[in-house]
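Enquirer: Going by the UniProt record's numbering, the first residue of the sequence shown is number 1, and it counts up by one from there. Ideal Cβ positions, reconstructed from N, Cα and C, are used throughout, including at glycine.
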Amino acid sequence: MSPFYLVVLIPLWIGYLLDLCLGDPRWLPHPIRFFGNLISHGEKLLNTNSFRLVKGILLTTTLCVSTFLFFYWVIKLLYSIHPVLYYIFSSVFLFYGLANKSLLQEGKEVFDQLNTKGLEAGRKRLSWIVGRDTSQLNPNQIRTAVCETLSENLSDGVIAPLFYYALAGIPGMMTYKMINTLDSMIGYKNDKYFYFGKVAARLDDIVNFIPSRLTALLMVLVTFNTRGLQFIFQYGHKHASPNSGYPEAALAGILDTRFGGPNVYHGKLVEKPFIGHTVRDITHNEFYRIYYINHATTLLFLLIISLTYYILNRLDIQIHWFL
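1. Quick one: Cα of residue 272 to Cα of residue 245, how far?
2. Comparing alpha-carbon positions, which option in 176, 170, 191, 110 lies nearest residue 7?
3. Please name the residue, chosen from 86, 61, 63, that lies closest to residue 73 on a Cα-to-Cα basis.
4. Excluding sequence positions up to five away, which residues of its chain have a Cβ less than 8 angstroms from the Cβ of residue 53?
5. Under a Cβ-count criterion, where at least 16 other Cβ atoms within 10 Å of its own Cβ denotes burial, should residue 1 be classed as buried or exposed?
6. How many whole angstroms separate the CB atoms of residue 178 and residue 67, which I take to be in contact at a CB cut-off of 8 angstroms?
7. When you compare the CB positions of residue 107 and residue 274, do they come within less than 8 angstroms of one another, or not?
8. Assuming contact is defined by CB atoms lying nearer than 8 angstroms, are residue 18 and residue 91 in contact in what I supplied?
9. Please classify residue 147: is it buried, with 16 or more other beta-carbons within 10 angstroms of its beta-carbon, or exposed?
10. Is residue 159 near residue 211, with beta carbons less than 8 angstroms apart?
11. For residue 132, does the three-state DSSP call read helix, strand or coil?
12. Any contact of the stretch 256-273 with the stretch 202-221, i.e. 3+ C-beta pairs under 8 angstroms?
13. What span of residues does the beta strand (DSSP E) with residue 270 cover, start to end?
14. Could you tell me which of 208, 301, 166 sits nearest to residue 181, measuring between CA atoms?
15. Using the C-alpha atoms, what's the distance from residue 28 back to residue 117?
16. For residue 279, which of 97, 144, 70 has the nearest alpha-carbon?
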């Protein structure tokens, strides 16, 4: 048997390098789309009439438990047949679990469209990645929206999946992705999903509690920015979400700017608190600073995971979460 830390670290680094090189090609089948289809079918079947809270609990619990058990037994079977099969499967699904390159590509595309093709092009491209109404946004509001989205998704799309991989391997990572997908599809506070998606939304809040704050601290570490640390404590808790405000506050502090404020969502004006106090325009070239922060934060966390498992191995502390 390979040393247990290699069982963890080989897929970790191969998957990371695959994401770094490939991103998320639209032609490639993706398990998150499959997760979305399962949720959509379940929602159509169960989100009707009475007992919607109970039905939402049933759907959320069934999909999360099934996801964990499926990946647990698949990788256990593959490793028993031949370790190489396990390494291939785990590397591919770790790649699927990360979204850093694709997120940065989308953000850069908004900045580039705004810079080269003008305001309407920037608004249209931004509408692909945010839920707010983009039709009345000015150039700085567009760039600000990109910054907010990239900081939040650095947690949801990169650090949180890696955190749960470090704790529970591919089963943990994919279960987190299922929870995150459930929240994005049914975790709304409207009439249709208020009860049905309540548990999914609360579960997403719980599983992102540590990763969101960890992401914010890592962002500060890779930039050596004390203002970012100050903003985490000063503004992180002011966001409507119990988690999103922390990485947003870190980036607002690092860039010395202001995020948040009122925005229109689905035709309704939503008043959000401001994160930060410096009112200034974000320039086109500042995207490259954000690009560095995202990649450096990811790499630092990979090194922390690797070092932790190496130390555990040196101490002869064996962690077998699936073998």
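Expert: Short version:
1. Locating residue 272 in the sequence shown gives position 272, counting from the first residue. Locating residue 245 in the sequence shown gives position 245, counting from the first residue. Cα to Cα, residue 272 sits roughly 11 angstroms from residue 245.
2. For this step, residue 7 is matched to residue 7 along the sequence shown. Checking every option, the nearest Cα to that of residue 7 belongs to 170.
3. Within the sequence shown, the letter at position 73 stands for residue 73. Shortest Cα-Cα distance from residue 73 to any of 86, 61, 63 involves 86.
4. Your numbering for residue 53 matches position 53 in the sequence shown. Cβ-Cβ distances below 8 angstroms link residue 53 to 195, 196, 198, 199 in the same chain, with the five nearest sequence neighbours on each side left out; the list follows chain order.
5. The residue given as residue 1 occupies position 1 in the sequence shown. Residue confidence is low: residue 1 scores 44 on pLDDT, short of 50, so the model does not pin down where it sits. No coordinate-derived value is stated.
6. The residue labelled residue 178 in the question sits at position 178 within the sequence shown. The residue labelled residue 67 in the question sits at position 67 within the sequence shown. The Cβ separation is near 5 angstroms, so the contact holds.
7. For the purposes of this step, residue 107 is taken as the residue at position 107 of the sequence shown. For the purposes of this step, residue 274 is taken as the residue at position 274 of the sequence shown. Here residue 107 is not near residue 274, since their CB atoms are 8 angstroms or more apart.
8. On the sequence shown, residue 18 is found 18 positions in, with the first residue counted as 1. On the sequence shown, residue 91 is found 91 positions in, with the first residue counted as 1. Result yes, Cβ atoms of residue 18 and residue 91 sit closer than 8 angstroms.
9. On the sequence shown, residue 147 is found 147 positions in, with the first residue counted as 1. By the neighbour-count rule (16 or more Cβ atoms within 10 Å), residue 147 is buried.
10. Start at 1 with the first residue of the sequence shown, and residue 159 comes out as number 159. Start at 1 with the first residue of the sequence shown, and residue 211 comes out as number 211. Yes.
11. Counting from 1 along the sequence shown, the entry for residue 132 is found at position 132. If DSSP states are grouped into helix, strand and coil, residue 132 belongs with the strands.
12. At 8 angstroms Cβ cutoff, the stretches do not touch.
13. Taking the sequence shown and counting its residues from 1, the one referred to as residue 270 is at position 270. Taken as a continuous stretch (DSSP letters only), the beta strand (DSSP E) holding residue 270 covers 268-270.
14. Numbered from its first residue, the sequence shown carries residue 181 at position 181. Among 208, 301, 166, the Cα nearest to that of residue 181 belongs to 208.
15. As a position in the sequence shown, residue 117 is number 117, starting the count at 1. As a position in the sequence shown, residue 28 is number 28, starting the count at 1. Residue 117 and residue 28: Cα-Cα distance of roughly 29 angstroms.
16. Start at 1 with the first residue of the sequence shown, and residue 279 comes out as number 279. Nearest C-alpha to residue 279: 144.
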